[in-house]
Every structure is written in structure tokens, then in C-alpha cells.
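Protein chains in written order, with the numbering used here: chain A, 29 to 539; chain B, 780 to 1108.
What follows is a set of notes on a single structure, which appears directly below.
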Amino acid sequence: MMPPMSKNLPKSFDSPVLCVQGISKTFPGVKALNSIDFSLYPGTVTALVGENGAGKSTLVKVLTGVYQPDAGGNILLDGKTVQIPNAHKAALAGIAAIHQETVLFDDLSVAENVFLGHQPRNAIGLLDWNAIRSGADAVLAQIGADINPDSRLRDLSIGQRHMVAIARALSVDARIVIMDEPTASLSHKEVEDLYAIVKRLKEDGKSILFISHKFEDVYAVADRYTVLRDGEISGNGEIADVTRDDLIQMMIGRTVDQVFPKEDVEIGDTVLNVEEFTHPTEFADISFDLKQGEILGFYGLVGSGRSEMMQALFGISNFHSGRLALDGKECLIKHPEDAIEAGLVYIPEERAIQGAILPMPITQNIGLASLGKTTRCGLLDATKEFQVARHYSERLDIRAASLSQLVETLSGGNQQKVVIGKWLATEPKVLILDEPTKGIDIGSKSPVHAFMSELAGERLGLIMVSSDLPEVIGMSDRVIVMREGRMAGEFSGDDLRPDLLVRAATGNQEV
Amino acid sequence: MPTHSLFWTRHETALSVVVLLLLVGVNLKSPGFAGPGNLVELLNDTSILVILGLGQMAVILTRGIDLSVAANLALTGMVVAMINSVAPGVPLAVLLVLAVAIGFALGAVNGLLVGKVGVPAIVVTLGTMAIYRGMIFLISGGEWINAHEMSDSFVGFPREKVLRLPILSWFAVLLLILMFVLIILTRLGRNFYAVGGSPHAAVYAGIDVGKTQFWAFSISGAFAGLCGYLWVSRFAVAYVDVARGFELEVIAACVIGGVSIAGGVGTVPGVVLGALFLGTVKNALPVIGISPFWQMAVAGSAILIAVIIHAHSQKTQGRIILKEARTVQ
């Protein structure tokens, strides 16, 4: 059992409800959790804090049976070792989670979403719709959410969906409630309501694991804290004993002295000028310049509108207003094709979904976006396509047995290189990289970083969206921070400090 | 009662208006088409399509597709017809149970391969479709079983009338109610929607996706098995090519009825209306002197229109990130 970290513990801290001992979780190439130890106590809110990618969501998924931990660790409930093979078993064990990505069903009603998988049934085993409806009504009322249980989930706002997700967790009679970034997309009023809900749950004796990187949340609700950094526990104890600075120190840990092969490059003329970019619901008043040879970082919390804004620049969604000029020439980008033509390229975050065509060979993947250059008289010149693929795979140092190897058989880092190669082949002026090293192992990160420097040296303008603080600070000449769809600050030179960026991103003035 | 959107949406309203207009329109040109006698005939004619459509709906709801229903029907039909011709003494009730059981087993094969082994549904059922057809040839040697080889009760049962409606139609009504209860009042039924609507979220909700798919295919198979008997007795003939290509009509009925091929959306009344629409078109075209070949074109156009309307109404909106956008809600 975990040794107490601070003196004078209240009695309840002696007997944890849930105790995690030595839990690790390895994904191919990445150790997401490394020998985690921590405990949850009855009637206590424990805040789990850490940077994006520190392993918080992975830990939640292990506790809720979505992921299976590596062999060797133990999860104890009331002192007894338990296995949590699936989400159903987790619910039976009294563990309920409100996940970060609200995992709900768009086409089902609110009441159904609340009870799906554990609907009340009548004596002969048929669903009891009256109980489902009134039960949903009751639990929604309990959390003060004014939502009609009959409305379809698709018609609700993100905030309302979160309320439904909370109601769903409460509809299971859970002793342990896990809330993964519950306030990330709630308005101020909704956040206040949520705090009240958390307090009520606490009074009912439930153990709450509250995950957030907003310090206002942590200080408003938590009794204890646990800090995760790079998949390891970097601190825990009572919240009363730590300052925000202490927590930030534990979150960031390392000073930013990691090897980021960022070379100083001569900054040239403005290549991209964006003015007053505004979308009805996603972002507003985004204006910035990008110069040749510059790496411009975009930092912010998950869901702060960075990716949405970049996708709008690239013409994926064209439901927005604003002006965009490349090399001083105003362009109208209505479709990604226009953007590529104009020399602006976006490399998406979800490689598998938006980037590479996994079951296709390397050659065809690299050649995909520049077919116009490798096609003559409407026919594809396979030799030329191969030359292009070879050129870029050599430049990017893609490790593969041959260029006809399927992309799905490559490691994450090499997949990312294939995607980058595809876009370089279009010979762009501006390259937007969305989370370029997310989910790839440390070893593959620095080649990607080195290559970014090299591209900047070739007078490309680079935009890097990243939630990885050391990466943003290490690689960027300048950083724009976004919060809730708006620009919350611009930092360069000596102002490129972790605490300043985190403060701007969370809207927390007194860090 | 559940929320009304589970069994009636704008789509069902629109489709019933279309079917009604069709009936009234054809009736103007050919009085008596919408008369009670002909309507009973029409309903009876569409019964098998309705039953198969309901089974298919379960599969499509889970993001699957069952191309093997017509082959399942033909194989099961052949088996019961052969038993009847060799041993006319076997009671009809036994044959009915047997038909359902064989159909269920054939569907369960699909369900195991899709749900447990994880092979895509279109591949599995394309394969079993060919296998089941081949099996008919193997057991029958390519021979036909004709009306005179079947017992009177075997052929006569679906035609007997209860309350002026043939038994065949009553089967459709019975299964409609059964499916309605299954879809609305059981966890399995609701799990169909969850699994098809968002397999990812279904896992988080503690739903066994593979098991849910297994049951969808097994139900589709059981319905097809029952239809095997109904088909061979109604047309009083069983041979290798019975109902060849009918699976496409079944899928068409579902799609026209508003079942989303992407899974997770669809209603029982929608499927029934989709089947009735196809049945009405099929019956109306000869009456108003249009070549039955047009029926295919009309059905095809109806599918496209239904899907286009559906796609249009589901156009994606942006996420809500800005504070102002939230307060508007």
C-alpha cells in the first residue's frame, strides 16, 4: 500500500477504496504508464493533473476496463485484487467514468444515453421505458441540468452533452466516479454547477478522481492531488500543502533542456498573412503573420480551437470569414485542393484517419498529393512517382524494407514521415503540422524535429500545433496561445516560458 | 412508451404520404386498385419482403449487411419441401420450427464470422450466399420440387384466411409486432442502435459488440428460414434459383425505409413502409400499363432520393468552442 505523503492524515485516508499498485501500460513503441501507484479514498476528491500526453486518459481507460494493463501490477478494491476486463465489469465494480471525448450516441435520446447498457427492466425482462424516462429525469434534475430526456443527443450543445455524460455516470450506482477533463468545454455557469455536483457526490461518500489541467478546478474541488508526468507519478499528497507553482513544477518537471535540434535560421519575408479569421462556433478574430524560415507554435488546451482553425485555413471547412494572403497575394481557399495549389499544406493530427492511407504502399502514399506532377496526358508515370517517393523517403530517412511496403506495417514515427513526405512532394510554401510528434516514441521525435529545422532553413514557413509544452518551447521562434477559440497571447524570446504559456492557455492569472 | 423518435420520425411521415399518394394516384387511373380486396392482395404480396426487411434491419442497424438472406430462404425452403415430399406425414408445425431453426443456424454462421472472427459482413455474406446456393444444388441434385409433390396442407396453410387476411400476411403482422417489441423493449434491440451508431462508445458502455452482431445475423437468418417455407409453399415450387437476387430488394426496402447503411438509424414502421412502397410500385406499374422493367428504375430512384434526402439532413455542423456559441444554446 502507498505510504502516506503528508502528516496528520484524517482517518479516512487510512483505508483507500481503490488502490493501484505498480500498474504499467505499454503501447507499441510507447510506455504510456510506468509503474503507477496511487489510491482513492471515500468521500474524497483526488485531482489528477499532468500535461497533455502525461498518461492521464490512459490511466482512466485502465481503471474502466477499456485498456488492459501490462502484467505485474495490481488493482485493489476494498483491499481485494480485482480484474477489470471490460467496461461492463468496471460498472459492476462501482467504477463509473465520464470520459474526455464524450462517448455517447448521437442518434439516441438523452434518456437512452443515460441508461444504455444498464436499462431498468420489468418483471419479464422487457425495458421499462417509464423507469428509463423518469430515472433520466431524476438524475438530470439531481445535477441541475434542464434537458428534456426525450431530445436526441445530436441536437444538444457540447455542454449539455457533458451533463448527459455526468448523468450517465451517476445512473450507475458508482462508488468511484472518474471525471476526465469535465470542465474542458463547459461555460462558467456550467462549471459552477459541476463543482456543486462534485461536492454533493463527495458528501455521499463517493471517491472522485477529478482530472483537469485547470488549477482553478483543482483548487475549487480537490482534497488530494496526484501529478503524472511522462507516464510516472511525479508527486502526490494533500492539496492544502501545495501551491500552484509546486504543481506546475511537478507537471513540467524537467527544465526545457531536452535536445531540440532547433537551428537558428534567418527569418525572411512574410509568407502567410491571416486576418480576422472567424467561424460562427469554433474560433474568432484570429490574425497573425508567418515569415519564411519561421516556426510558429500554436499552444492551447485540447479543444481550444487550434486544429479547427488550421483546418479552416486549409479549406476543409469553409464556413468562416476572414482574409488569407500567401506571399502578399490574397487567396480564396474553398477546398484543400486550392490550398495545395496555393502552396499551403496541412498535416493532420490523426495520421491514421486523416493522413496516411494505411493499406497502401509508401510510394503511392508519398505520390498521392502530387499526382498532378507525375501524370502526363492523363496517365500516371509510375517511374516518376517512384523517383519522387525515393527522393523524399531518403531525405526523411524513412526506415522500411522497400518502398512497396505497406504504410500500416511501419512504426508510428515512420508513418508520420511518410505523411510529411507526401506533403513535401507538393513543394509547399507553408506547412502546418498538427501535433507532429503525438503518440510517437521519443527516438522518432527528434528526427521529425530535425527535419522541421531543415525545412525552416529552406525558407518554408512552418506552423506547429502542439500540446507538448517542451516541444512548443524548444522548437518555436514564436508561440501563439489559443483559449476557447480566441488568441490568448503571443510569446517569443525570453517570454517563451512554460508558466506563461500554461497561464495563458488556462486563463489563470495568478499562477 | 418510449420516446416517439424510436418508431416514428419525419421520414416515416413522408414515406407514408408517398405510399398513400401512390395508391390514390394509381386508383384514379385504375379504379379498384386501392379497394379492400386489392389492398389485401398487395399486403399479402409484400409480406415476405416485410419479414426479410425486418431481419435485415437488425443487421444494418449494427453496421452490417446480410447478402445471404435470399440464399438462406431458398436453402431452407428446399429442405422443408424435400422433407414434405418424402414424408408428408410430418406435421406442419414441426416443419415450421425446423425452417426457423435451419434459418437461424445459417444466420448464426454469418454472425460468428462477423461478430467473433471479425470478418467484414459484406465478405462473409457474399461467401455464405454462394455456399448456401451451392448446397441447394447438392441436396436437390438440381431437381425441382413441384406442387404435386407437396402435401395439400403444406401448400394450403399460408393461403388460409383468418379475419379475411391470409395466414401469410398474419405472419408478417406477427413478426412486425415481435420485432417492434425486440427493438423497443429489449436491451438487445437498443444495443443494435448503440453498436451501429458508435461501436467505440458501445465498448465504453459495456456492450459486447461481437455478441450484438451475432444476434442480429441470427435473427435475420431465422426470419429468412421462416420465409423459406412461406415462399416455397406460396409459389408451390422449390428449386435452386428460388428468390435469386431478392436480397437486393430487401436491402432496398430497408434503405427506402430510412435505415441508414452507416448503422444506428432506422425504425420498424420505416422498414414496413419501405417494403410497402416497393410492393405498391411493383403492383401498380402493370395496372397503369408501364413495363415491369421500369419497376427496377423506380426502386433505384427511390433509394437514391431517400439516401440523398437523408445525407442532406445530416450535414455536419462545426464544434462549439467559442463562449458566445455556447450561451446561444
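Each residue gets a CB set at the ideal place from its N, CA and C atoms; glycine is no exception.
Short Cβ contact (9 angstroms threshold) for residue i with residue j
| i | j | result |
| --- | --- | --- |
| Phe996(B) | Val893(B) | yes |
| Phe326(A) | Val493(A) | yes |
| Glu436(A) | Pro364(A) | no |
| Leu833(B) | Val974(B) | no |
| Ala75(A) | Arg252(A) | yes |
| Ala173(A) | Asp221(A) | yes |
| Val1016(B) | Ala878(B) | no |
| Tyr983(B) | His307(A) | no |
| Leu802(B) | Thr1059(B) | yes |
| Arg180(A) | Arg966(B) | no |
| Ala850(B) | Glu1026(B) | yes |
CB contact below 9 angstroms: residue i versus chain B
| i | result |
| --- | --- |
| Ala428(A) | no |
| Lys84(A) | no |
| Ala516(A) | no |
| Gln415(A) | no |
| Asn62(A) | no |
| Ala119(A) | yes |
| Ala312(A) | yes |
| Ala115(A) | yes |
| Glu209(A) | no |
| His307(A) | yes |
| His127(A) | yes |
| Gly172(A) | no |
Residue-level contact to chain A via CB, residue i, 9 angstroms cutoff
| i | result |
| --- | --- |
| Gly976(B) | yes |
| Ile963(B) | yes |
| Ile1088(B) | no |
| Ala837(B) | no |
| Ala984(B) | yes |
| Glu1101(B) | Rather than Glu, the amino acid found at residue 1101(B) in this sequence is Leu. Yes, Leu1101(B) counts as interfacial toward chain A. |
| Val1044(B) | yes |
| Ala1128(B) | The requested residue 1128(B) does not occur in the structure, where chain B is confined to residues 780 to 1108. |
| Asp845(B) | no |
| Ala973(B) | yes |
| Arg969(B) | yes |
| Val960(B) | yes |
| Arg789(B) | no |
| Ala824(B) | According to the sequence displayed, residue 824(B) carries Asp and not Ala. So no, Asp824(B) is outside the interface. |
| Thr792(B) | no |
For residue i, the nearest candidate out of the options (CA to CA)
| i | options | result |
| --- | --- | --- |
| Lys53(A) | Ser67(A), Arg427(A) and Val94(A) | Val94(A) |
| Arg1023(B) | Pro810(B), Val838(B), Ile1035(B) and Ser847(B) | Ser847(B) |
| Glu512(A) | Ala312(A), Glu455(A) and Leu352(A) | Ala312(A) |
| Lys457(A) | Val302(A), Ile206(A) and Leu372(A) | Leu372(A) |
| Ala164(A) | Ile508(A), Ala193(A) and Gly153(A) | Ala193(A) |
| Arg257(A) | Ser179(A), Ser199(A), Met207(A) and Lys59(A) | Lys59(A) |
Euclidean distance between Cα positions of residue i and residue j
| i | j | result |
| --- | --- | --- |
| Leu360(A) | Thr309(A) | 21 angstroms |
| Trp1010(B) | Ile160(A) | 40 angstroms |
| Ala248(A) | Tyr223(A) | 7 angstroms |
| Met279(A) | Leu497(A) | 10 angstroms |
| Ile986(B) | Met836(B) | 19 angstroms |
| Lys230(A) | Phe238(A) | 12 angstroms |
| Val888(B) | Ser240(A) | 47 angstroms |
| Leu352(A) | Leu46(A) | 53 angstroms |
| Leu818(B) | His348(A) | 53 angstroms |
| Asp462(A) | Ile375(A) | 6 angstroms |
The beta strand (DSSP E) enclosing residue i, as first and last residue numbers
| i | result |
| --- | --- |
| Ser262(A) | Glu260 to Glu266 |
| Ala516(A) | Arg514 to Ser520 |
| Gly325(A) | Ile323 to Gly328 |
| Tyr374(A) | Leu372 to Ile375 |
| Arg351(A) | Ser349 to Leu354 |
| Val299(A) | Thr298 to Thr306 |
| Arg257(A) | Arg252 to Arg257 |
| Ile239(A) | Ser235 to Ile239 |
| Ile103(A) | Asn102 to Leu105 |
Residue i: first and last residue of the uninterrupted alpha helix (DSSP H) it sits in
| i | result |
| --- | --- |
| Gln277(A) | Arg272 to Ile280 |
| Met388(A) | Run containing Met388(A): none; DSSP gives neither H nor E here. |
| Asn1062(B) | Val1047 to Val1066 |
| Cys47(A) | First-last for Cys47(A): Leu46 to Phe55, but that is the beta strand (DSSP E), not the alpha helix (DSSP H). |
| Asp5(A) | What the structure shows of chain A is the stretch from 29 to 539, and residue 5(A) is not part of that stretch, so it cannot be assessed. |
Proximity test, residue i beta-carbon vs the ligand GTP heavy atom, cut-off 8 angstroms
| i | result |
| --- | --- |
| Pro456(A) | Within the structure as shown, the ligand GTP is missing, as the structure has no ligands at all. |
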